[in-house]
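Q: Going by this note's numbering, the final residue of the sequence shown carries number 341, and the count climbs one at a time with no gaps.
The beta-carbon is built from N, C-alpha and C at its ideal position, and this holds for glycine as well.
This one's a predicted model, so the numbers in the text were calculated from it and none came from an experiment.
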Amino acid sequence: MFQKNISLKPYNTFGIEAYAESFVSVTSIDLLQNIVAKHKHLFILSGGSNVLITKNIRQPVLHLNIQGKDIQKNKEENIVFVKAMAGENWHEFVLWTLENNFGGLENLSLIPGNVGTSPMQNIGAYGVEIKDVFYKLEALEIESGKLKTFYNNDCNFGYRESVFKNILKGKYIIISVTFQLTKNKHKLNTSYGAIQTELKKKNIKNPSIKDISNAIIAIRESKLPNPKKIGNSGSFFKNPVVSIDQFKDLEKEYPNMPYYKVSDKAIKIPAGWLVEQCGFKGKRFGDAGVHRDQALVLVNYGNATGNEILNLAKNILQTVSNQFKIDLEIEVNII
Ligand code: EPU
Numbered sequence: 007m008f009q010k011n012i013s014l015k016p017y018n019t020f021g022i023e024a025y026a027e028s029f030v031s032v033t034s035i036d037l038l039q040n041i042v043a044k045h046k047h048l049f050i051l052s053g054g055s056n057v058l059i060t061k062n063i064r065q066p067v068l069h070l071n072i073q074g075k076d077i078q079k080n081k082e083e084n085i086v087f088v089k090a091m092a093g094e095n096w097h098e099f100v101l102w103t104l105e106n107n108f109g110g111l112e113n114l115s116l117i118p119g120n121v122g123t124s125p126m127q128n129i130g131a132y133g134v135e136i137k138d139v140f141y142k143l144e145a146l147e148i149e150s151g152k153l154k155t156f157y158n159n160d161c162n163f164g165y166r167e168s169v170f171k172n173i174l175k176g177k178y179i180i181i182s183v184t185f186q187l188t189k190n191k192h193k194l195n196t197s198y199g200a201i202q203t204e205l206k207k208k209n210i211k212n213p214s215i216k217d218i219s220n221a222i223i224a225i226r227e228s229k230l231p232n233p234k235k236i237g238n239s240g241s242f243f244k245n246p247v248v249s250i251d252q253f254k255d256l257e258k259e260y261p262n263m264p265y266y267k268v269s270d271k272a273i274k275i276p277a278g279w280l281v282e283q284c285g286f287k288g289k290r291f292g293d294a295g296v297h298r299d300q301a302l303v304l305v306n307y308g309n310a311t312g313n314e315i316l317n318l319a320k321n322i323l324q325t326v327s328n329q330f331k332i333d334l335e336i337e338v339n340i341i
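1) Taking the Cβ atom as the reference point for each residue, do Ala-26 and Ile-63 lie within a distance shorter than 8 angstroms?
2) Return the chain-ordered list of same chain residues with a C-beta closer than 7 angstroms to the C-beta of Arg-226, the five sequence neighbours on each side being excluded.
3) Please classify Val-139: does DSSP put it in a helix, a strand, or coil?
4) When burial is assigned at 16 or more other CB atoms within 10 Å of the CB, is Glu-82 buried or exposed?
5) Is the distance from the Cβ of Thr-60 to the Cβ of Ile-341 below 8 angstroms?
6) Contact between the stretch 249–259 and the stretch 127–143 is defined here as three or more beta-carbon pairs at a separation below 8 angstroms; is this criterion met?
7) For Ser-55 and Ser-239, I'd like the C-alpha separation in whole angstroms.
8) Determine the contact status of Leu-58 and Val-296, defining contact as a CB-CB distance below 8 angstroms.
9) Using DSSP with H/G/I as helix, E/B as strand and the rest coil, what is Gly-278?
10) So what's Lys-254 in DSSP terms, helix, strand or just coil?
11) Check the DSSP bridge columns for Met-91 and list the partner residues they point to.
12) Which of the three DSSP states is assigned to Phe-99 in this structure?
13) Under DSSP, the alpha helix (DSSP H) around Gln-9 begins and ends at which residues?
14) For the pair the stretch 272–292 and the stretch 312–329, tell me if three or more CB-CB distances fall below 8 angstroms.
15) Measure the beta-carbon distance from Ile-72 to Val-32 and round it to whole angstroms, keeping in mind my assumption that it falls under 8 angstroms.
16) Give me the Cβ distance between Ser-241 and Val-303, rounded to the nearest whole Å; I'm assuming they're in contact under 8 angstroms.
17) Can Thr-123 and Gly-53 be called in contact, C-beta distance under 8 angstroms?
18) Consult DSSP for Phe-29 and reduce its assignment to one of helix, strand or coil.
19) Kindly examine the ligand EPU and report whether one of its heavy atoms sits closer than 7 angstroms to the Cβ of Glu-337.
20) Please go through the stretch 179–228 and give each complete alpha helix (DSSP H) segment of 4 or more residues, from N-terminal end onward.
21) Short of 8 angstroms in beta carbon distance, which residues of its chain neighbour Lys-171, apart from the five on each side in sequence? Order them along the chain.
22) Alpha carbon to alpha carbon, what distance is there between Lys-331 and Ala-90?
23) List the DSSP bridge partners of Gln-78.
24) Quick check on this structure: which residue in Lys-267, Ala-301 and Tyr-266 has the alpha carbon closest to the alpha carbon of Glu-282?
25) Pull the bridge partners of Glu-144 from the DSSP assignment, please.
26) Are any of the Cβ atoms in chain D nearer than 8 angstroms to that of Leu-205?
27) Who are Tyr-266's beta bridge partners in DSSP?
And the structure:
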């Protein structure tokens, strides 16, 4: 059932060449339970959109490829529960919800990766995070082989965070996710200036959820590289949060610095701006580089190794720390 020496290049959006000593693609829960009963130290690979692989993988690699989606029956007037299996491609799933005129996921259009990993880092974009529409997920506990349900409160969602990245890391395999969407009277989120600019450009005054999705797709395509064309893993760093005192000092020196207020005591600064200020935007070192339109995104121009990307990231971390006294945090999982 396991295959030997499989290249992982097609399985990670960074397009890094690395090998799995043994590899299995799993398409059913039964098979998953079967394998988990025999192997406790698996490396779980899903859409491969949030990993940087820096070495060949010796543990057995389990590619989670369980497909399926369905609309769950319920009596509520304006709510629909939609369930998708972990291996469903995220963006195709979002488009399918929109075709059914279900609202809630439109702002999360075109995010790379699969449904199963979306709750892990509470994916978010343009004013919406998965926690806003998440109902529950089903996960397999590796130790016991049993299935467990996690509701929204059980997941401890935060900014690009969940319980599955922290105390439960490596303990569960997410099998399916159920979202709570709207059937009509959709709550649109057009708070991001870029969305409004895009809608205005097309002269759309009363946008539908599909219009918003199209606007998001246009914005993302204009500044985020398509992983099918150039390897990348989206934002490589998280946006750092600084204290109000540190923010005031920085603002004196950099009056044009963009920022978002998180609370009375905390300010979030766009990491992309910090990286750009340090002169990295558009820079290329061999086949590893910093994207020319969004400095938060590191790219593989073809044959970069995971370590070349990681060294570039370390160089950026050090330079930002020296110049701004801010320690950026890497968002991508380094393997
Ligand atoms: N900026 C720069 N230079 C750059 C990039 C950004 O000065 O090279 C400035 C922009 O001018 C703007 C601010 O930084 O004032 C914010 O930029 P942007 O709207 O592009 O968003 P971001 O904070 O860089 C975050 C998410 C993205 C998400 C967008 C939109 C994180 C780590 N990243 O990026 O998520 O799509 O907001 O909501 O929170 C991802 O997680 O992979 C991802 C792409």
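A: Looking at the atomic coordinates:
1) At the C-beta level, Ala-26 and Ile-63 come within 8 angstroms of one another.
2) Excluding residues up to 5 positions away in sequence, Leu-116 lie with their Cβ nearer than 7 angstroms to the Cβ of Arg-226 in the same chain.
3) Looking at Val-139 - three-state DSSP - the assignment turns out to be coil, as it is neither helix nor strand.
4) exposed
5) yes
6) no
7) The straight-line gap from Cα to Cα measures roughly 5 angstroms.
8) no
9) helix
10) helix
11) Ser-182
12) Helix at Phe-99.
13) From DSSP, Gln-9 is part of no alpha helix (DSSP H) but of the beta strand (DSSP E) over 9–13.
14) yes
15) Yes, they are in contact, since the Cβ atoms of Ile-72 and Val-32 sit about 7 angstroms apart, within 8 angstroms.
16) 6 angstroms
17) Going by C-beta atoms, Thr-123 is nearer than 8 angstroms to Gly-53.
18) Strand.
19) yes
20) 199–207
21) Met-126 and Gln-127.
22) 43 angstroms
23) Per DSSP, the beta bridge partners of Gln-78 are Phe-87.
24) Ala-301
25) Thr-155 and Ser-182
26) Note that chain D does not occur in the displayed structure, where there is just one protein chain.
27) Lys-274
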